[in-house]
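See below for the structure under consideration.
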Amino acid sequence: MEKTRPLWATPLQFVFACISYAVGLGNVWRFPYLCQMYGGGSFLVPYIIMLVVEGMPLLYLELAVGQRMRQGSIGAWRTVSPYLSGVGVASVVVSFFLCMYYNVVNAWAFWYLFHSFQDPLPWSVCPLNGNRTGYIEECEKASSTQYFWYRKTLNISPSIQESGAVQWEPALCLILAWLVVYLCILRGTESTGRVVYFTALLPYCVLIIYLVRGLTLHGATNGLAYMFTPKGSPMLSPLAFQMEQLANPKAWINAATQIFFSLGLGFGSLIAFASYNEPSNNCQKHAIIVSIINSSTSIFASIVTFSIYGFKATFNYESCLNKVILLLTNSFDLEDGFLTANNLEQVKDYLASAYPSKYSEVFPQIKNCSLETELETAVQGTGLAFIVYTEAIKNMEVSQLWSVLYFFMLLLLGIGSMLGNTAAILTPLTDSKVISSYLPKEAISGLVCLANCAIGMLFTMEAGSYWFDIFNDYAATLSLLLIVLAETVAVCYLYGLSRFESDLKAMTGRALNWYWKAMWGGVSPLLIISLFIFYLSDYISTGTLRYQAWDAAQGQLVTKDYPPHALAVIGLLVAASTMCIPLGALGTLITRRLKRGDTAPVA
Amino acid sequence: MILRCSLSTLTPRTRVSLYSVLATPWIPRTSSSGYTLGRSTPPALPFLAEPDLEKPQRSGRSLRISGGNRPVFLRNLHPAFYSTCNNLHCTWDSFECIGLHGQDAENAFKVRLSIRTALGDKAYAWDANEEYLFKAMVAFSMRKVPNRETTEISHVLLCNVTQRVSFWFVVTDPSRNHTLPAVEVQSAIRMNRNRINNAFFLNDQTLEFLRIPSTLAPPTDPSVPIWIIIFGVIFCIVLVATMLLIISGIRQHRRKNKGPSEMEDSEDKCENVITIENGIPCDPLDMKGGHINDAFVTEDERLTPL
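From first to last, the protein sequence lines are chains A and B. Going by this note's numbering, 536 is the number at position 508 of the first sequence; the sequence numbering is gapless. Going by this note's numbering, 199 is the number at position 196 of the second sequence; the sequence numbering is gapless.
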């Protein structure tokens, strides 16, 4: 009989572990963007429907499999069927890719956190140029927050071909990030179980503080109004626009995708966490709780984000107006304080009629300030977290405090997710008798962290951010869909739904609801297949893949095509994980055929 | 470049009337002497119109200053002003600079103040005394330049004060024949910019000298960047914690290894081997199969197990 498996000290630790894994950076920086793109309040309709139809059943399935098989992803799927060991291996490979690039975000969060202890914040002012008569040109053309992100943090190169050297500052932060992750996973569930109390609860504290601060900011209501009633096209009223979005298939597909990836299905982390459960644990209840909390956190975070958007947009709009006022006051020598936002239009008309020649000289410099255009800048991903938020924070009072809080929250979210990602890799490794007999758990964890850290140095090079985007967009998307599809089909049809049902009943003592059976058997696989077909057709129809590169001379992003070697890497990424499934089945088939000569196969 | 200027050292009453004529033309205002502007269409702001230098003087109140080849003419500006000025006492000890040509024009600088923006409610009004202070500060700055220690307040000339508040100034040499070169004035102002700002409670943005770039404050770079200090602290803490955990883990591991070797003869070791008692394998509950029905009682159980 095997050694006793380590267990969670309480079921609460398991729930917190799942929550801290599922609630990650995507809730903060992807969901608000989707909300804005697909009709604000009306996006919640497809989102909640997909949660109930797709998110909860698949989450319950993974937790149940892990709890029943009591092994990591490789062992669990091998137990379900020997031909499915490839599914487990594919999960581990995808988790490995994810670990490599995900911790780089934590490194960036550390970098910003350490820089938040200065007055003024380094991203709030442009640095001076050589002879101290003005600011650096790149910073003038872009904004100070963009300059700090692209030049000081990333030191980004103009294209992906010019990889440049490893930047020592982000490299140091990456080493620290991996050290922190190692510290948390060192002792397995014993240490992870205690850390997840913090990584699950503290982000909520910070979010609540930010909610209160965000709602009391000047202009926050503009952002919130925009979230729930986006203007959309000028012809439609907001309500009609929202109704139109409901009929848009892209909204439903994005809702399904967001639920799918936000819960972290298919990586093997949930199976790993559930394998450390007591067999009698009520994982159905936990699955429902975790998925509801994950979605509510997304909605909560987007309320905070939109109030911050509103504040930033209002601030920018007002400073734009002030610039116009200053320009007119100086050109026409009007009394200081005479021009305000209220009489600006009147006075402009007067000046245009009274002094046409002088007005036409000044006119090209007068910008049209509009609150709507400021609100419409929809950003997602690292741009939202590190550029838009920092721009809003630098305009708040006591900005150092808000900055520290915000990046601390990002760190907690990121490290919580990393715990799950590393568990997905380590659990199969420590389960394997071959490896665990040679090396203790600490050494295996250390080696995995070291390997990931070394490869992660790639992302600290000057072109590292472009490689990060490649990994972020392509490493996990298609493969996960395939993996989860294989999982669902395997449990329902290979292992047998009735057999699984009786296993669960023996394990937990509760009968399986018809709803889960219907979802697992029919709806969810169909949904995943349709998502997969959509993604494939999207990739094929787009033709060449492109990326956004930073142009220092212009101070903005430009679109470029990926070079052939980048495309090859993308293909490798997708192939490396998806090919494991058929190769695993093939390998088992071959070994069985070879063994068939000697002994009868064990059932 | 030709400037049209106004009187600068008049008594406050004439100043108000002057402003009422020149500064905000489309708002009919009563001047202090009761003279109202009855205009139906807003007149052009006076500084936009070209001065008419060739016209003969309308009154005898003019001074002629000749400097080099280019005489500088003074004259009255406006008939309305002329009429109010007649009733009031106008002092002419300083002069108005109308029609500066060429070199003199290049040596003049425009100054722009945004007092209300800077101070809000505590904004002070811009009057003759403030101008006097300004002239004093400029004279003070010039005195610090070698060879210019004899600059007096009366050598600094202000003109065309608008309601913005903005005006032009120029510094003449003691003989009042020509204006000091722009480079000297520029460097003098740059050196003493901070003191000039402080005298008016303003800063570089609210007290602007056009064409005199301000020296931006150098960034305060500490010798060691702050972020490295914080990074070092956190790095050391995490490293120490990791080491502690690893070492305690190794110790526990060693204790566990020593423990089983001491208990080798003990009979309750059934961790890794399947013990067999009385011919029946004592497997614990097998999670994978359920092949052994442990609820089934064998007849041998009547015997006392070891």
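Built from N, CA and C at the ideal position, the CB exists for glycine as well.
Let me check understanding here. Comparing Cα to Cα, which of the options lies closest to residue i?
i: S113(A); options: T616(A), K351(A) and G221(A); result: T616(A)
i: E190(A); options: A275(A), L600(A) and W578(A); result: W578(A)
i: P74(A); options: Q584(A), S152(A) and I287(A); result: I287(A)
i: L40(A); options: R96(A), R58(A) and K313(A); result: K313(A)
i: A128(B); options: G252(B), D107(B) and V164(B); result: V164(B)
i: Q64(A); options: L447(A), V132(A), A253(A) and P155(A); result: A253(A)
i: N396(A); options: H593(A), M489(A), I353(A) and G409(A); result: I353(A)
i: V133(A); options: S552(A), L298(A) and M485(A); result: M485(A)
i: T536(A); options: L438(A), W36(A) and L91(A); result: L91(A)
i: G296(A); options: I618(A), C127(A) and W36(A); result: C127(A)
i: F59(A); options: W36(A), F436(A), T257(A) and N322(A); result: N322(A)
i: L509(A); options: V194(A), A118(A), Y225(A) and K386(A); result: A118(A)
i: Y502(A); options: F289(A), A268(A) and T173(A); result: F289(A)
i: G338(A); options: A302(A), E306(A), L239(A) and A283(A); result: L239(A)
i: L298(A); options: F44(A), E400(A), P610(A) and R215(A); result: F44(A)
i: W177(A); options: A413(A), Q273(A) and G365(A); result: A413(A)
i: D566(A); options: P592(A), T505(A) and D147(A); result: T505(A)
i: S157(B); options: F170(B), Q166(B) and K138(B); result: K138(B)
Could you compute how far the alpha carbon of residue i sits from the alpha carbon of residue j?
i: R574(A); j: G612(A); result: 33 Å
i: M607(A); j: N250(A); result: 49 Å
i: D377(A); j: V141(B); result: 39 Å
i: V209(A); j: I317(A); result: 26 Å
i: G52(A); j: L202(A); result: 18 Å
i: E529(A); j: V80(A); result: 20 Å
i: Y563(A); j: I281(A); result: 10 Å
i: N500(A); j: G411(A); result: 14 Å
i: E2(A); j: D459(A); result: Past the boundaries of the shown model lies residue 2(A); chain A is included only from 29 to 631, so the question cannot be answered.
i: V148(B); j: E187(B); result: 8 Å
i: G549(A); j: C520(A); result: 6 Å
i: E134(B); j: K113(B); result: 14 Å
i: P74(B); j: N180(B); result: Here P74(B) scores only 30 on pLDDT, less than 50, and its place in the model should not be relied on; the value that follows carries that caveat. In a straight line, the C-alpha of P74(B) is about 10 Å away from that of N180(B).
i: F560(A); j: I327(A); result: 26 Å
i: A580(A); j: C167(A); result: 9 Å
i: V432(A); j: V234(A); result: 10 Å
i: W57(A); j: K623(A); result: 52 Å
i: H143(A); j: S172(A); result: 14 Å
i: L595(A); j: G247(A); result: 44 Å
i: S385(A); j: L362(A); result: 17 Å
i: F204(B); j: T342(A); result: 29 Å
i: G409(A); j: G54(A); result: 8 Å
i: A406(A); j: Y61(A); result: 6 Å
Here's the rule: buried if 16 or more other CB atoms are within 10 angstroms of the residue's CB, otherwise exposed. What is residue i?
i: K634(A); result: In the structure as shown, chain A starts at 29 and stops at 631, and residue 634(A) therefore has no counterpart that could be examined.
i: W196(A); result: exposed
i: E274(B); result: For E274(B), the pLDDT reaches just 49, beneath the cut-off of 50, and the residue's location in the model is therefore unreliable, leaving the point undetermined.
i: Q270(A); result: buried
i: I236(A); result: exposed
i: T673(A); result: This structure does not reach residue 673(A), given that chain A is present from 29 up to 631, and the question cannot be answered.
i: R98(A); result: buried
i: C481(A); result: buried
i: N150(B); result: exposed
i: W542(A); result: exposed
Compute the distance between the beta-carbons of residue i and residue j, then report whether it is under 8 Å.
i: L585(A); j: R96(A); result: no
i: A120(A); j: A518(A); result: This sequence places Val at residue 120(A); Ala is not what is there. No.
i: L87(A); j: L293(A); result: yes
i: V168(B); j: I215(B); result: no
i: S335(A); j: L245(A); result: yes
i: T218(B); j: L116(B); result: no
i: P177(B); j: T153(B); result: yes
i: C154(A); j: Y175(A); result: yes
i: L355(A); j: V390(A); result: yes
Hey, would you say the C-beta of residue i is under 7 Å away from at least one heavy atom of the ligand ADP?
i: G625(A); result: Judged by which ligands are present, the structure shown has none, so any question about the ligand ADP falls away.
**Message:** Which residues of the region 136-149 of chain B have a Cβ closer than 8 Å to any Cβ of chain A? Give them in chain order.
**Reply:** Those residues of the region 136-149 of chain B placed with their C-beta closer than 8 Å to a C-beta in chain A do not exist.
**Prompt:** Using Cβ-Cβ distances below 9 Å, what residues of the region 184-208 of chain A are close to chain B?
**Reply:** If you check each beta-carbon in the region 184-208 of chain A against every beta-carbon of chain B, the ones closer than 9 Å belong to E197, L200, C201, I203, L204, L207 and V208.
**Request:** Could you please tell me which residues of the region 521-533 of chain A, in chain order, have their CB closer than 8 Å to any CB of chain B?
**Result:** Residues: none.
**Asked** Mind listing which residues of the region 163-196 of chain B have their C-beta closer than 8 Å to chain A's C-betas, in chain order?
**Response** Hits within the stretch, in order: T165, Q166, R167, V168 and S169.
**Message:** By the 7 Å beta-carbon criterion, what residues does the region 111-128 of chain B contribute toward chain A?
**Reply:** For the region 111-128 of chain B, the beta-carbon criterion of a distance under 7 Å to any beta-carbon of chain A is satisfied by R115, S117, I118, R119 and T120.
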